[in-house]
Amino acid sequence: MSQGGGQPSPIFFRLQGGCMRPLIKDGTVLAIRPAPASALRPGDLALYDVWGKRMLHRVWWTKPGKVWLKDDTGTVALHKIPDRKVLGVLQSPGPLSSGWTGLAYGLAATALFSMGRRLKQGFTTRLKRKS
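Numbering of the sequence shown is given in the working numbering, commencing with residue 26 and proceeding in unit increments.
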């Protein structure tokens, strides 16, 4: 279905989980612009289908036929999907959700969340040893 200017209608998607926080919070409804994988750039947030489940993750890189994606919190490993699984790209609310600035943000967020988890684990381990 198209809108007046021949553009495809957006896909509305409710994000479930915290893998893209703090940029996008759990439960946020997002407008996704239908687009082929060939339109994706590193740093974009892409909606894709895996086994009938829709997921939104950051694009790390693309090659003909494949797209590599990862979350911003470092809990989902870098993974590749066939480009035919791509449904679209987030209609960008700002520079942190697309392009090279989005990729830089994704790298920084992943590093900070990973460091935070390690610190929390170390702190918890020390508390257990003291008790």
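The C-beta atom is built at its ideal place from N, Cα and C for all residues, glycine as well. In this text the structure is predicted, and so the values were computed from the model without any measurement.
Within the stretch 33-94, the complete beta strand (DSSP E) runs of at least 3 residues fall at 36-39, 54-59, 70-75, 78-88.
Where Leu115 is concerned, the enclosing beta strand (DSSP E) starts and stops at 111-115. Within 10 angstroms of the beta-carbon of Asp74 lie fewer than 16 other beta-carbons, which makes it exposed.
With fewer than three CB-CB distances shorter than 8 Å, the stretch 91-105 does not count as touching the stretch 50-57. Counting C-beta pairs closer than 8 Å gives fewer than three between the stretch 134-141 and the stretch 86-94, which falls short of the contact rule.
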